[in-house]
Structures are given as structure tokens and as C-alpha cells.
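Have a look at the structure below before the remarks.
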Amino acid sequence: MITDVLHWAALVLCAVATLLRLPGALRGRGRTMCGVLLLLTFAVALSIEPLYDAVDGMLGGVNAANLLLRLILYAVLALLGVRVAAAFESPLVRRLIAGPFGLAVLALTIASTLYFFLASELPGSSVGLNDFLDQATVQEYAAVGRLYPGYVAACLVLPTARSVIDGRARTIHRTAGGLLAGGSLLVVVFVVLRLTGLDLMTWNVILPFSAILLMVFGLFLIWLSHARSRRRAARTTGLA
Amino acid sequence: MAVAAKAFQLWRTRIAPQDTVTEVCRTAGIKRSTLAQQLVRGKVAVSTVVAIARGYGLPVVDALAEFNGFEDLPAGVSPPTDAELLSQVSHIDILRLLVARSDDTESAWTDEELGLAPFPHTGSVRAWIEAIDPGDLRQQLASTTGVARQNLSAQLTAGRLAPWIAVEAGRIAEVSLASGLVVTGLLTPEEGGWPENARAEALHSVPDLELVILARDRLDVLGKQLRRTELDDRRDRALWENLG
Chain A
183 MITDVLHWAA LVLCAVATLL RLPGALRGRG RTMCGVLLLL TFAVALSIEP LYDAVDGMLG
243 GVNAANLLLR LILYAVLALL GVRVAAAFES PLVRRLIAGP FGLAVLALTI ASTLYFFLAS
303 ELPGSSVGLN DFLDQATVQE YAAVGRLYPG YVAACLVLPT ARSVIDGRAR TIHRTAGGLL
363 AGGSLLVVVF VVLRLTGLDL MTWNVILPFS AILLMVFGLF LIWLSHARSR RRAARTTGLA
Chain B
9 MAVAAKAFQL WRTRIAPQDT VTEVCRTAGI KRSTLAQQLV RGKVAVSTVV AIARGYGLPV
69 VDALAEFNGF EDLPAGVSPP TDAELLSQVS HIDILRLLVA RSDDTESAWT DEELGLAPFP
129 HTGSVRAWIE AIDPGDLRQQ LASTTGVARQ NLSAQLTAGR LAPWIAVEAG RIAEVSLASG
189 LVVTGLLTPE EGGWPENARA EALHSVPDLE LVILARDRLD VLGKQLRRTE LDDRRDRALW
249 ENLG
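These protein sequences, in sequence, are chains A and B. When you line the first sequence up against the numbering used here, it's residues 183 to 422, in that order. When you line the second sequence up against the numbering used here, it's residues 9 to 252, in that order.
Written out as C-alpha cells, the structure reads:
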């Protein structure tokens with residue numbers, strides 16, 4: 183029940199956040215972030231059973247949609263990671279994500295994802311590959327799929343959390359930083375808990391989808407503050 | 009910090025024995041609900057006392073002296089020092105005077121003729137604190153009032169200072185006790201014993217060298233402010249350009 187609410191809430195929030203940015207993106211403003219949110223919306227949609235079944239049916243019913251979901255998520259995390267690192271002025275984190283090491287982690291993740299996907303027997307659409315979890319390769323496939331998001335989220339926790347304690351920053355930006363930090367932290371907690379082998383049950387959904395809600399809302403606040411600043415007449419001098 | 013509601017009620021019935029609370033509020037030009045709320049909380053704002061004293065034509069400084077913490081106020085009122093007066097002149101006015109002197113055209117002798125910006129303004133409180141600071145004013149203020157230093161800094165940054173702290177600063181720095189209430193805008197300059205045109209006269213008596221140094225210090229402060237603003241702007245832009 184709660185998992186359904188979270189799924190749909192995340193989908194609606196992502197879709198709304200994308201639509202809000204669409205007019206600006208059509209005029210050439212913030213195209214990357216609009217694209218990131220659009221991809222995220224698509225990824226969230228692919229986590230919901232009826233939508234997954236419909237899309238996978240079109241792709242041949244061999245769970246290629248799940249592979250697509252993984253690859254979309256990697257793209258979202260990579261782009262978002264670079265942008266957040268730049269926005270919060272952390273060159274180190276930017277290098278960790280877009281530098282040689284970060285790209286190597288990404289390449290390794292994509293290669294293993296493809297390998298484990300091809301090595302698994304996946305006849306018939308099943309959201310989250312839930313029907314095939316008894317296969318070792320499917321379990322590896324899922325574990326690898328959490329690796330890269332966990333890595334990027336771990337990189338983002340500190341720079342975003344640091345902005346919360348910056349007393350000189352705008353309240354809306356500190357709040358946004360806090361939401362992004364909270365979202366990243368939830369992803370890290372989720373990935374670490376999965377490594378322990380505990381049975382998380384509904385927390386398997388609650389943790390990652392709460393993270394999505396927090397982060398998308400944080401991005402919305404930054405978009406809002408930007409939109410408001412554009413509406414105010416640009417001040418050209420600090421002397422007046 | 010405010011005055012106790014009980015002491016306020018005693019004072020009110022003494023200065024206006026016939027008037028109801030509603031009439032007192034009308035005379036003072038304050039909202040009845042505001043005063044009622046303050047009375048319920050047991051603390052009446054100093055600004056309320058000031059407004060009522062003004063409404064009944066009483067000397068504001070004497071009225072405040074009726075309350076705990078302000079008893080020594082009337083005896084402690086003296087003319088402001090030159091440093092205090094100069095702290096309330098904006099950097100633009102100081103630069104204008106510097107230019108006038110350089111052109112040998114300094115002539116005006118009143119605030120109005122000099123075109124001095126009215127005060128207090130947003131930087132008034134901090135400038136005043138810096139002007140009267142014997143060296144460790146902030147520490148002493150923190151220890152005698154029990155208000156944490158970060159809290160004091162926050163008040164100064166916001167251009168505010170609680171009345172009782174402003175008076176205490178005057179006591180520590182041994183300047184007029186009313187000055188703090190003037191620069192925080194609670195009292196008018198006349199009520200606080202700041203003579204008319206005192207700022208213009210203080211400016212005129214500043215020798216050339218000191219005027220130049222004063223202008224330099226003010227520009228220094230302005231430069232630091234601008235640098236901070238630009239840093240903040242850069243951070244905002246980084247967020248907007250990357251995530252907006």
C-alpha cells in the first residue's frame with residue numbers, strides 16, 4: 183500500500199517538475215536538467231508494474247525495459263552528480279564523478295550490467311525482475327545496479343550538507359541543499375543496508391523512492407528561486 | 009527584553025489615571041490588540057512605553073527611567089561624542105565633503121545644507137558600536153548582559169540591538185546612555201539629546217588628514233561588504249546555472 187503511494191507520488195512529482203521546466207527548456211534554458219528530470223520520470227514509470235508491463239511488451243517481453251531502466255538511471259546519476267557538484271562548488275566531487283576514476287566506475291558498471299543481463303534467463307515481463315530472483319546472475323545484476331547510484335550519492339552527501347550550515351546563504355538554497363543531502367544519504371543507507379544482506383521488505387521501496395522525492399523537491403526549490411530571481415529586475419551594481 | 013507588565017500598569021495609571029487602555033492606545037497611536045498581547049505575555053515592549061510617553065507629551069527619557077534597567081538613563085544623558093556623530097554619517101556624505109574640501113568649496117554648516125542622509129539607517133547600529141568600542145566592547149557586553157556573542161553579532165548584522173543592551177553598551181563605553189536608543193531608532197535625535205546639526209558641525213571640525221583616513225576606513229568597510237555580496241551572488245549563480 184505505502185509502496186504504491188510512494189511509487190505514484192514520485193511519478194507525479196517527477197512529471198510535474200519536468201513540465202515546470204519544459205517552457206524554459208524549449209527556449210534553451212536549463213535543457214540538461216529538464217532532460218534529467220524527464221529521464222527520471224521515465225525511470226520511475228518503469229518501476230511501476232502496469233507501466234513496466236506495457237513498455238516491456240512493446241520491447242518484446244524479454245525484460246529489455248529493465249535494462250533500459252538501469253541505463254537511464256546511470257545517465258541520470260552521472261549528469262545529476264556533475265551538475266550538483268558544480269552547483270555546490272566542489273571540484274573534488276566533480277572530479278570523482280566525471281574524472282577518470284568516476285568514468286571507470288561508470289564503464290565497469292555498464293559492462294557488468296550488460297553481462298549479467300545477457301547471462302540471465304528472463305522469459306516474460308516481470309517488474310524489478312522479481313520472478314527471477316532465484317538466479318545468481320539476476321542477483322548480481324541487481325547488486326551492480328545499486329553500485330553506481332550508491333557511489334554518486336556518497337560523493338554528493340558532503341557538499342550538499344555543507345550548504346545547510348552556510349548561514350549567509352539564502353534560506354531556500356539551504357533548504358534545497360538539505361533536501362539533496364537527505365536524498366543522497368538515503369540512497370547511501372539503502373545501498374549499504376542491501377550489502378549487509380538484511381531483508382528490507384517494504385524499505386526496499388521506501389528508501390530509494392523517498393530519496394527521489396527529496397531530491398526532486400530540492401531541485402524544484404532551486405528552480406523556483408531561479409525563476410523568482412529572473413522576474414526581479416536585474417540589479418547591475420552593489421553600490422546603489 | 010521588555011519592561012514588566014506590572015510596572016507598566018502602575019506607570020500607566022499614574023500618567024493617565026482617567027484613561028482606559030483603549031484611550032491610552034488611541035492617544036499613543038498603537039493597536040489595542042498589540043498592547044493586550046504584550047500585557048498577556050507579561051512583557052511590554054520598550055517601543056510601546058516610548059509611544060505612550062510621546063502621546064501624552066512626557067519626556068521619553070524620564071518615562072523610561074521608571075522601569076527596571078533604565079533608572080540611570082536621565083542622569084546618563086550627555087551630548088554625543090564626535091566619534092558617535094561621525095559614525096552616523098554615510099560614506100557617501102563623507103566622500104562628498106572630501107570632494108568639497110578638495111575643491112575648496114566647503115561652506116554649508118547644517119545637516120540639511122550639507123545634504124546629510126537621515127539616520128538611523130541599516131548600518132547605524134554597527135557603526136555606532138564600532139565608534140564607541142574601547143577595544144573589548146563585545147566581550148564585555150556579552151558577559152554583563154549574558155547574551156551570547158553570536159546573538160549580538162546577529163542583531164548588529166540585522167541592524168538591530170535590544171534597548172537594554174544598547175543602554176548597557178553606553179554604560180560600558182562611558183558615552184551618553186541615550187545614544188544607543190537613538191541609533192536603534194527608538195528615540196528621535198532630539199529626545200536622545202543629539203543637538204540639531206551636530207553631525208554637520210562634527211564633520212566640519214574634522215581635520216583634513218582625519219577626514220581622509222575616515223573616508224579610507226569607510227571605503228574599506230564598503231569594499232569588504234561588496235566582496236561578500238559578490239561571493240554570495242557567485243554562489244547563487246552557480247546553483248541557478250547548474251540546477252535551475
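Beta carbons are placed, not taken as given, at the ideal position from N, Cα and C, and that holds for glycine. Predicted, not measured: the structure shown is a model, and the values here were computed from it.
Whole angstroms are fine: how far does the CA of residue j sit from the CA of residue i?
{"i": "Ser151(B)", "j": "Leu217(B)", "result": "37 Å"}
{"i": "Met215(A)", "j": "Arg203(A)", "result": "8 Å"}
{"i": "Leu195(B)", "j": "Phe402(A)", "result": "45 Å"}
{"i": "Gln163(B)", "j": "Val68(B)", "result": "24 Å"}
{"i": "Ala318(A)", "j": "Ala260(A)", "result": "27 Å"}
{"i": "Val107(B)", "j": "Gly131(B)", "result": "23 Å"}
{"i": "Ala329(A)", "j": "Val266(A)", "result": "Reading off the sequence, residue 329(A) comes out as Leu, not Ala. Answer to the nearest angstrom: the Cα atoms are 19 Å apart."}
{"i": "Leu222(A)", "j": "Val258(A)", "result": "7 Å"}
{"i": "Gly167(B)", "j": "Thr192(B)", "result": "8 Å"}
{"i": "Pro203(B)", "j": "Pro197(B)", "result": "7 Å"}
{"i": "Arg414(A)", "j": "Glu271(A)", "result": "25 Å"}
{"i": "Val133(B)", "j": "Pro171(B)", "result": "11 Å"}
{"i": "Ala260(B)", "j": "Ala10(B)", "result": "Any question about residue 260(B) goes unanswered here, given that chain B covers just 9 to 252."}
{"i": "Ala324(A)", "j": "Ile388(A)", "result": "17 Å"}
{"i": "Leu340(A)", "j": "Gly364(A)", "result": "10 Å"}
{"i": "Gln158(B)", "j": "Gly327(A)", "result": "47 Å"}
{"i": "Leu253(A)", "j": "Ala246(A)", "result": "11 Å"}
{"i": "Arg211(A)", "j": "Gln46(B)", "result": "51 Å"}
{"i": "Gly385(A)", "j": "Gly379(A)", "result": "It is Trp, not Gly, that sits at residue 385(A) in the sequence shown. Between Trp385(A) and Gly379(A), the C-alpha separation is close to 13 Å."}
{"i": "Ala280(A)", "j": "Gly243(A)", "result": "34 Å"}
{"i": "Arg209(A)", "j": "Ala186(B)", "result": "58 Å"}
{"i": "Ala208(B)", "j": "Val214(B)", "result": "10 Å"}
{"i": "Val187(A)", "j": "Ala227(A)", "result": "13 Å"}
{"i": "Leu249(A)", "j": "Met183(A)", "result": "26 Å"}
{"i": "Arg352(A)", "j": "Gln17(B)", "result": "42 Å"}
{"i": "Glu303(A)", "j": "Phe314(A)", "result": "8 Å"}
{"i": "Pro273(A)", "j": "Val264(A)", "result": "10 Å"}
{"i": "Ile137(B)", "j": "Gln96(B)", "result": "11 Å"}
Please report whether the beta-carbon of residue i lies at a distance below 8 Å from any beta-carbon of chain A.
{"i": "Gly167(B)", "result": "no"}
{"i": "Arg146(B)", "result": "no"}
{"i": "Arg157(B)", "result": "no"}
{"i": "Asp244(B)", "result": "yes"}
{"i": "Leu247(B)", "result": "yes"}
What in chain B is Cβ-close to residue i, meaning under 8 Å?
{"i": "Leu221(A)", "result": "Under the 8 Å cutoff, chain B gives no residues; its nearest Cβ is about 15 Å from Leu221(A)."}
Taking 8 Å as the threshold (beta carbon to beta carbon), is residue i in contact with chain B?
{"i": "Ile425(A)", "result": "Within the shown structure, residues of chain A are numbered from 183 to 422, placing residue 425(A) beyond reach of any answer."}
{"i": "Met183(A)", "result": "no"}
{"i": "Ser411(A)", "result": "yes"}
{"i": "Glu271(A)", "result": "yes"}
{"i": "Leu401(A)", "result": "yes"}
{"i": "Met397(A)", "result": "no"}
{"i": "Arg350(A)", "result": "yes"}
What does residue i reach in chain A if we use C-beta pairs closer than 7 Å?
{"i": "Gly252(B)", "result": "Gly212, Ile404, Trp405 and His408"}
{"i": "Asp141(B)", "result": "Within chain A, no residue comes near Asp141(B); the closest Cβ sits about 23 Å away, beyond 7 Å."}
Residues of chain B with CB closer than 9 Å to the CB of residue i, please, in chain order.
{"i": "Leu249(A)", "result": "Neighbours of Leu249(A) on chain B: none; closest Cβ ~29 Å, over 9 Å."}
{"i": "Val266(A)", "result": "Asn250 and Leu251"}
{"i": "His355(A)", "result": "Arg243, Asp244 and Leu247"}
Helix or strand or just coil, what does DSSP make of residue i?
{"i": "Val155(B)", "result": "coil"}
{"i": "Val398(A)", "result": "helix"}
{"i": "Val373(A)", "result": "helix"}
{"i": "Val85(B)", "result": "coil"}
{"i": "Ala351(A)", "result": "coil"}
{"i": "Val52(B)", "result": "strand"}
{"i": "Val97(B)", "result": "coil"}
{"i": "Ala12(B)", "result": "strand"}
{"i": "Met183(A)", "result": "coil"}
{"i": "Trp202(B)", "result": "coil"}
{"i": "Tyr64(B)", "result": "coil"}
{"i": "His408(A)", "result": "helix"}
{"i": "Val244(A)", "result": "coil"}
{"i": "Phe299(A)", "result": "helix"}
{"i": "Pro390(A)", "result": "helix"}
{"i": "Ser187(B)", "result": "helix"}
{"i": "Ile38(B)", "result": "coil"}
I want to verify the contact list: residues of chain B whose CB lies under 7 Å from the CB of residue i, in sequence order.
{"i": "Met215(A)", "result": "Leu251"}
* Would you list, in chain order, the members of the region 209–242 of chain B that have their beta-carbon closer than 9 Å to a beta-carbon of chain A? => Leu230, Gln233, Leu234, Arg236, Thr237, Glu238, Leu239, Asp240, Asp241 and Arg242
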